[in-house]
Structure formats: C-alpha cells, structure tokens
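**Student:** What follows is a single structure, and I will ask about it in a moment.
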Amino acid sequence: MTRITIPQHPDEISPEWLTHLFHRNQIIPGDVEVLAIDRSDPGRKASYAGFVSRLKISYSTENAPGPETMIAKFPAPELTIRRLFRLLYRNEAMFYRHLADEVPIRVPTCYASLINRKRTRSLLLLEDLSPFASLPTHTDGCSTEQARIALVRLAQFHARWWQDPEISNEHSWLGRYQVNSTQNWMIYAAAWLPFQYRVRHITPEPTLQLFRSLWRYRDNLLKLDANRPQTIHHGDFRLANLAFTPDDAVVFDWQVVRIGPPMFDVAYFMFTSLSIEQRRSSEQDLLSAYHATLLENGVDYSMDELMQDYRTGLLMTIPQSMVIGAFLRLDEEREVEIQQMLEQFDALREDHELEKFAGASLRKSAE
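Here the working numbering is used: position 336 in the sequence shown is 1808, and no number is missing along the way.
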C-alpha cells in the first residue's frame, strides 16, 4: 500500500489528496472524486495539544456517499508541544483504529486515522456532529438531564471492561493510569512551576495549599488506586468533549484513553462540567444514576465503595488540572473558564473535606 503524506494544516488537504485517501479507505467509489474543499473554523478553541478545522466537501457527483462535512483534527503546530504530547496523538489514533467499534456508547465516525512512526505528525478525519447534536461549552453549561445522560453512558462504557483481566492482552497499546510513572511525572514536573506562575492569582488559597501538599506527597498519592477497580476510562471526560442529542450523548476526544480507575472520569466530569450550585443540588442523584447503571450491567460495586473512590478520583484530577493550567493557550475567556473550574474544585474540596480525606488516605498508602 502506498504510504500517504500527513498534512499538518487544513490548507495542505487538497481535493486530490482527499480523493486518494477516500478511495483507499473505501469512503467513496473509484469513479467519484473530491472537487473542492471549503475550510472553516468550527467555533471551538484549540486545546493545548492541537487544533481542529471543519471541512465542507464537494464531490464530482450528486449524492456521493462521502461526508458533506467533517472535522480535521491536527496536533499542535509547535514541535516542542507535539513531542511532549505525542503519546496522546498515538492513543487517539489507536482508539479509532482498534477500539471505537467495541465501545457500547456513541462516538464519532472516523474516516481516517493517520500518524507517523515518531508520533509527531498525525491527522484524524472525524464525523461532524454539529448538524444533529449540540456541543455545549464550559460557559454554556449543560442541563442536569444532560449530565445524567452523560454519566449513564459513562457507566455503560466503564462496565464493558470492569475488572477485565484480558484488557491488556486484547489491547496491548493501552497505557495504564500510573501517575508515578516516569513519563507522566516528566509532564507534571514540567507543569508545576508554570501552573503556579500562570494561574496562582486565580486559584483559591485553600485549593492552592492542597495542590502543594499533594505535590509533596505525590508518590503516596498515586498509590491510592492500586487495589481499586480498573477498567478502560476516557481520561478527559468533560463537557467540552461531549455532544448531546435529545436522548443521547456522543463522546469524543479520546487522546487520554487508558486502563485506570473508573471514578476518575466521574470526578473529573463533576469538577469541570457543572456549576457549584448545580453540582450541589444534583450530585447525589447523578452519582446514584451512574451506580444504578453499573449494577444493571452486572458490576458488583457498593455505593460506599463508589463514594470512597469518588473522593480519591477528585484528588487524582489535580495533576491533570496542573497540565491544563500550565500549557493551555490563555486568553481572557480561557482564564475565566479556568478560574471557574478552580472555584468549582474549591467547593468540592470543602464539601467533601478533601484535606482530611487526603491526610488519612496518604498515611494509609504509606504503610
């Protein structure tokens, strides 16, 4: 099979290149060609790891079977960022190649998943969800019913591989949530000082103190999940990576997919996606809906265990939050968003007495 070049900018995707790719991947028949591509910003800001563009496609025949629009997802333009996050690019490419067809929830159709051997050049061509689904931002928020749908779908996903001893054999490319691994700590160590410099002024003081304390005891912190349930988890399950239809949720951005603790996903969603008032009024009902779905799917897991692991999951979100605060491209809107998230975490810290919980848990893990 002829090796195909990997564009790194929307302007590099030509009609000829896309025709060749679509023929190779059997998206369109051999007698149909791509005539023109209209490129536009889909209205979602680039992340620290990359950027996206919406492509509107014209074909040589009417009613061609190829997509009318799709999303092109590129890595970050800066080589240093691409090298730092190359594992993320590989993860998502492998997810769409080997796992997307197995997950029991709705994910975008993938038309192409390209990555080079060094993992510094990649491209995903994905289904455009905007024609049939709403894509809320952190600022928009979501309804409590949408949050319930998201957590029910998350529970169905988690239940599929809950404590499955064959995960690593079936999907050897999947990493594990081992935050004390050399690679992860290189990222977190690189993030710690920039995080303090960039967002210290918008971080509530009690939360900043908790972050510092957990950073000092990070080796013990990341032993907390060693003997807890494991599954395949999303790793970045938040509102920005969800699209909603009236009765379903579509989950995308699978760059951090890995084997790890399920409650990390739940905690991260609660922390990043719900306002303080909304989370406080609906938290128990939402956790109960997640728990009930696990039970319906054959998982043996008590509500007491869930709450213990949920609090641990809240602590585990801290390193990932550091990376976002350290490397995200900051503008005024993004700074407001991060400040809101930090305030949401501070409320969770207070409501769940995380300092007390962390102290007891860290002492136990050190024994």
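Note that the Cβ used here is the ideal one computed from N, Cα and C, for glycine as well.
Here the structure is a predicted model, which is why all the values come from computation and not from measurement.
Tell me the rounded alpha-carbon separation between L1490 and Y1689.
**Tutor:** Taking the first residue of the sequence shown as 1, we reach residue 1490 at position 18. Taking the first residue of the sequence shown as 1, we reach residue 1689 at position 217. Taking the straight line from one Cα to the other gives about 50 Å.
**Student:** Going by DSSP in three states, G1732 sits in which element: helix, strand or coil?
**Tutor:** The residue labelled residue 1732 in the question sits at position 260 within the sequence shown. Annotated three-state conformation of G1732 is strand, per DSSP.
**Student:** Which runs of the alpha helix (DSSP H) at least 4 residues long sit entirely within the stretch 1680 to 1704? Give them in chain order.
**Tutor:** 1690 to 1693
**Student:** Return the first residue and the last residue of the alpha helix (DSSP H) that Y1762 is part of.
**Tutor:** Counting from 1 along the sequence shown, the entry for residue 1762 is found at position 290. Start and end: I1748 to E1768.
**Student:** When you compare each of D1513, Q1480 and L1686 to L1551 by their alpha carbons, which one comes out closest?
**Tutor:** For this step, residue 1551 is matched to residue 79 along the sequence shown. L1551 has its Cα closest to that of Q1480, out of D1513, Q1480 and L1686.
**Student:** Under 8 Å, with one C-beta from each stretch per pair, do the stretch 1721 to 1734 and the stretch 1781 to 1790 reach the 3-pair mark?
**Tutor:** yes
**Student:** Tell me whether D1818 is buried or exposed, calling it buried when 16 or more other Cβ atoms sit within 10 Å of its Cβ.
**Tutor:** Numbered from 1 along the sequence shown, position 346 holds the residue referred to as residue 1818. When all chains shown are included, D1818 counts as buried.
**Student:** If you reduce the DSSP assignment to three classes, tell me which class S1833 lands in.
**Tutor:** The residue labelled residue 1833 in the question sits at position 361 within the sequence shown. Helix.
**Student:** Rounded to a whole number of angstroms, what is the C-alpha to C-alpha distance between L1598 and Q1628?
**Tutor:** Mapped onto the sequence shown, residue 1598 falls at position 126. Mapped onto the sequence shown, residue 1628 falls at position 156. Inter-residue distance for L1598 and Q1628 is about 23 Å (C-alpha atoms, whole angstroms).
**Student:** If I follow the unbroken alpha helix (DSSP H) through R1578, where does it start and stop?
**Tutor:** Indexing the sequence shown from 1 puts residue 1578 at position 106. Neither: R1578 is in no alpha helix (DSSP H) and is coded neither H nor E.
**Student:** Residues in the same chain with beta-carbon distance under 7 Å from H1495, minus the five sequence neighbours each way, listed in chain order, please.
**Tutor:** Translated into the one-based positions of the sequence shown, residue 1495 becomes position 23. So the list reads G1502, once near-sequence residues are dropped.
**Student:** Cα separation between E1677 and D1823?
**Tutor:** Counting from one through the sequence shown, the residue named residue 1677 turns up at place 205. Counting from one through the sequence shown, the residue named residue 1823 turns up at place 351. Approximately 16 Å, taken between the alpha carbons.
**Student:** Going by CA-CA distance only, name the one from P1539, R1526 and L1758 that's closest to Y1583.
**Tutor:** Here the question's residue 1583 lines up with position 111 in the sequence shown. It is P1539 whose Cα lies nearest to the Cα of Y1583.
**Student:** Can you find at least 3 beta carbon pairs, one from the stretch 1630 to 1648 and one from the stretch 1775 to 1782, that sit closer than 8 Å?
**Tutor:** no
**Student:** Checking 8 Å against the spacing of the C-beta atoms, do I1478 and R1593 come in under that value?
**Tutor:** Your numbering for residue 1478 matches position 6 in the sequence shown. Your numbering for residue 1593 matches position 121 in the sequence shown. Result yes, Cβ atoms of I1478 and R1593 sit closer than 8 Å.
**Student:** Which residues in the same chain as I1621 place their Cβ atom closer than 6 Å to its Cβ, once the five residues preceding and following it in sequence are excluded?
**Tutor:** Here residue 1621 is taken as the residue at index 149 of the sequence shown, counted from 1. Result list for I1621: A1721, in chain order.
**Student:** Evaluate S1530 with the Cβ neighbour count: other Cβ atoms within 10 Å of its Cβ, from every protein chain shown; 16 or more gives buried, anything less gives exposed.
**Tutor:** Residue mapping note: residue 1530 aligns to position 58 of the sequence shown, counting from 1. Flag for S1530 reads exposed.
**Student:** By a C-beta neighbour count over all protein chains shown, 10 Å radius and 16 as the cutoff for buried, is Y1669 buried or exposed?
**Tutor:** As a working note, residue 1669 is residue 197 in the sequence shown. It is exposed - the Cβ of Y1669 has fewer than 16 other Cβ atoms within 10 Å.
**Student:** E1599 lies in the beta strand (DSSP E); which residues open and close that run?
**Tutor:** Along the sequence shown, read from residue 1 onward, the residue named residue 1599 stands at position 127. Residues S1594 to E1599.
**Student:** Cβ atoms of V1579 and V1847: under 8 Å apart, would you say?
**Tutor:** The question about residue 1847 has no answer here: the residues shown for the chain are numbered 1473 through 1839.
**Student:** Report the option in L1607, L1595 and F1716 whose CA atom is closest to the CA atom of E1617.
**Tutor:** If you number the sequence shown from 1, residue 1617 lands on position 145. Closest option to E1617, Cα to Cα, is F1716.
**Student:** Just curious, the beta strand (DSSP E) that A1544 is in, first and last residue?
**Tutor:** Taking the sequence shown and counting its residues from 1, the one referred to as residue 1544 is at position 72. A1544 -> beta strand (DSSP E) spans T1541 to P1547.
**Student:** Look at the alpha carbon of H1763 and the alpha carbon of Y1740, and state the distance between them as a whole number of angstroms.
**Tutor:** Within the sequence shown, the letter at position 291 stands for residue 1763. Within the sequence shown, the letter at position 268 stands for residue 1740. Looking at the two C-alpha atoms, the distance is approximately 16 Å.
**Student:** Quick check on this structure: which residue in Q1681, G1613 and A1536 has the alpha carbon closest to the alpha carbon of L1746?
**Tutor:** Position 274 of the sequence shown, counting from 1, holds the residue named residue 1746. Nearest of Q1681, G1613 and A1536 to L1746, Cα basis: G1613.
**Student:** Considering only C-alpha positions, which residue in the set S1753, V1738 and T1541 is nearest to D1513?
**Tutor:** Translated into positions along the sequence shown, residue 1513 becomes position 41. Residue T1541 is the option with its Cα nearest to D1513.
**Student:** Just to confirm my understanding: we take V1771, look at its own chain, exclude 5 residues before and 5 after, and list those with CB closer than 6 Å. What are they?
**Tutor:** Within the sequence shown, numbered from 1, the residue matching residue 1771 stands at position 299. Correct list, in chain order: A1631 and W1634.
**Student:** Would the beta-carbon of A1565 fall within 8 Å of that of P1547?
**Tutor:** Counted from its first residue, the sequence shown places residue 1565 at position 93. Counted from its first residue, the sequence shown places residue 1547 at position 75. No.
**Student:** Could you spell out where the beta strand (DSSP E) holding R1511 opens and where it closes?
**Tutor:** Counting from 1 along the sequence shown, the entry for residue 1511 is found at position 39. From DSSP, the beta strand (DSSP E) with R1511 extends over V1506 to S1512.
**Student:** Give every residue of the same chain whose Cβ lies closer than 8 Å to the Cβ of L1682, excluding the five residues on either side of it in the sequence, and list them in chain order.
**Tutor:** By 1-based counting over the sequence shown, the position of residue 1682 is 210. Excluding positions up to five away in sequence, the list reads I1790, R1821, L1826, E1827 and A1830.
**Student:** Which residues in the same chain as F1523 place their Cβ atom closer than 6 Å to its Cβ, once the five residues preceding and following it in sequence are excluded?
**Tutor:** Sequence index remark: in the sequence shown, residue 1523 carries index 51 (1-based). Closer than 6 Å at the Cβ level, and outside the excluded window around F1523, lie F1546.
**Student:** Alpha carbon to alpha carbon, how far is P1637 from Q1812? Give it in angstroms, no decimals.
**Tutor:** Locating residue 1812 in the sequence shown gives position 340, where the first residue counts as 1. Locating residue 1637 in the sequence shown gives position 165, where the first residue counts as 1. So the alpha carbons of these two residues sit roughly 39 Å apart.
**Student:** In three-state DSSP terms, what is A1715?
**Tutor:** For the purposes of this step, residue 1715 is taken as the residue at position 243 of the sequence shown. A1715: strand per DSSP, three-state reduction.
**Student:** Assuming the contact rule is C-beta atoms closer than 8 Å, H1706 and V1729 should be a hit. Round their C-beta distance to whole Å, please.
**Tutor:** For the purposes of this step, residue 1706 is taken as the residue at position 234 of the sequence shown. For the purposes of this step, residue 1729 is taken as the residue at position 257 of the sequence shown. Rounded, the Cβ-Cβ distance is 6 Å, consistent with contact.
**Student:** Relative to the C-alpha of D1725, which candidate in L1601, I1674, G1797 and D1691 has its C-alpha closest?
**Tutor:** Locating residue 1725 in the sequence shown gives position 253, counting from the first residue. Ranking L1601, I1674, G1797 and D1691 by Cα distance to D1725 puts L1601 first.
**Student:** Count the other C-beta atoms from every protein chain shown that fall within 10 angstroms of the C-beta of P1701, then say buried if there are 16 or more, exposed otherwise.
**Tutor:** To locate residue 1701, count along the sequence shown from 1; it is residue 229. With 16 or more other Cβ atoms within 10 Å, it is buried.
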